[in-house]
Every structure is written in C-alpha cells, then in structure tokens.
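Positions 0 to 149 (numbering that gives the first Met the number 0) are the ones given, in order, by the sequence shown.
Notes follow the structure.
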Amino acid sequence: MAQAAPVSGTPGTSGSTDVFGEQTHTMAKWAVPVVGGLVYGYWAAAINRDAGAITGWNVLFGFVCAIAFAAAYMGARTVAPLMRREAHALVWAVFAGCAFGFLYSQTDATILRSVFMSLPVAVGVYAVAFYRYYTREDAAGKTADVVARR
0 MAQAAPVSGT
10 PGTSGSTDVF
20 GEQTHTMAKW
30 AVPVVGGLVY
40 GYWAAAINRD
50 AGAITGWNVL
60 FGFVCAIAFA
70 AAYMGARTVA
80 PLMRREAHAL
90 VWAVFAGCAF
100 GFLYSQTDAT
110 ILRSVFMSLP
120 VAVGVYAVAF
130 YRYYTREDAA
140 GKTADVVARR
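Written out as structure tokens, the structure is:
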C-alpha cells in the first residue's frame, strides 16, 4: 500500500534533513581541508619525485603543497557562499581547475598542456556546482531555509 510521506512541520517530523550533529559538522569543517591537503601534498610530492629517492626537499614540497591546497580550499569555502550562484560555482570551478592543473604540471607537461587538460575538469565542476546551486538557491544566492525565515 502506498502511504503519503510526512510533510515538514507535521507532528513527529523535525523538518530537517541533517543527519549529523553540530559537533560532527565542526570537526568536518577542519578535517576536510587538513586531510584533503595532506592527500594532495603527498600526491604532488609523489609525482614530483618521479620514483626517485624521497628527499627532504621532496617532503618540504609536499607539505607546502598541502598547506597551499588547504588554504585555497578554506578560502573558497569561506568566500564562495557570499556570492551569487554563478560566481559561487565559478569559484569552485577555478579551485578545482587550478588544483588539477598544478598536479598535471608536475608530470613535466608544458604549461599549455596543463591548462588544456584542466579546462574540462573546471567546466565539469562548474556545470555540477551551478546545477546544484541553481536548484537549491534563489537568484540572490540564498538557500530555501534562509528565504523561509524572512
């Protein structure tokens, strides 16, 4: 038998789709850039050393890349939500394109090839992000829950 799903605001439902608590969100806010940066830095250092010996400069290069990636990620995460949905998606596309392009440039490819290889990544991220923000935000960049509180 088919039954109607509970509507938000009816007794027995909280109206929220959030399954994690505030503490989990706070931990993820810091863990995602740190872990992502460490993975990115390791990946960049591994590509850069090209199966050679691990040196101190290679380890330093990995940590610098990790710090730069984490800082860029946190910057994009901080600035992007303040923008309209088109610019919001563009910030994430630029971030992803630059991150991929830098990794690709570590393979001794030319700068032109690195740019052309990162363009499809950036375009794909832009398309997905724009679709997500277009379906969940109004034209001013406010999500549905913020609009409902006005």
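Backbone N, C-alpha and C fix where the C-beta goes; we use that ideal spot for every residue, glycine too.
Just so we're clear, the structure is a prediction, and the values are computed from it rather than from any experiment.
Based on the DSSP secondary-structure assignment, which residues constitute the bridge partners of residue i?
| i | result |
| --- | --- |
| residue 85 | According to DSSP, residue 85 bridges with nothing at all. |
Using C-beta distances below 8 Å, list every residue in its chain close to residue i, excluding the 5 sequence neighbours before and after it, in chain order.
| i | result |
| --- | --- |
| residue 63 | 40 |
| residue 78 | 90 |
For residue i, collect the residues of the same chain with a Cβ closer than 6 Å to its Cβ; drop the 5 residues on either side in sequence, then sort them by chain order.
| i | result |
| --- | --- |
| residue 148 | For residue 148, the predicted structure reports a pLDDT of 49, less than 50, and the residue's modelled location is therefore unreliable. The matter cannot be settled from this model. |
| residue 68 | 36, 39 |
Identify, in the order they occur along the chain, each residue of the same chain with its Cβ nearer than 7 Å to the Cβ of residue i, setting aside the five sequence neighbours on each side.
| i | result |
| --- | --- |
| residue 61 | 40, 41, 43, 44 |
| residue 150 | A query on residue 150 cannot be resolved here, the shown segment of the chain reaching from 0 to 149 and no further. |
| residue 31 | none |
| residue 65 | 36, 37, 39, 40 |
With a Cβ-Cβ cutoff of 8 Å, do residue i and residue j count as a contact?
| i | j | result |
| --- | --- | --- |
| residue 70 | residue 91 | no |
| residue 93 | residue 50 | no |
| residue 105 | residue 47 | yes |
| residue 96 | residue 81 | no |
| residue 100 | residue 114 | yes |
| residue 125 | residue 116 | no |
I believe residue i touches residue j by the beta-carbon criterion, under 8 Å. Please report the beta-carbon distance rounded to the nearest angstrom.
| i | j | result |
| --- | --- | --- |
| residue 88 | residue 129 | 4 Å |
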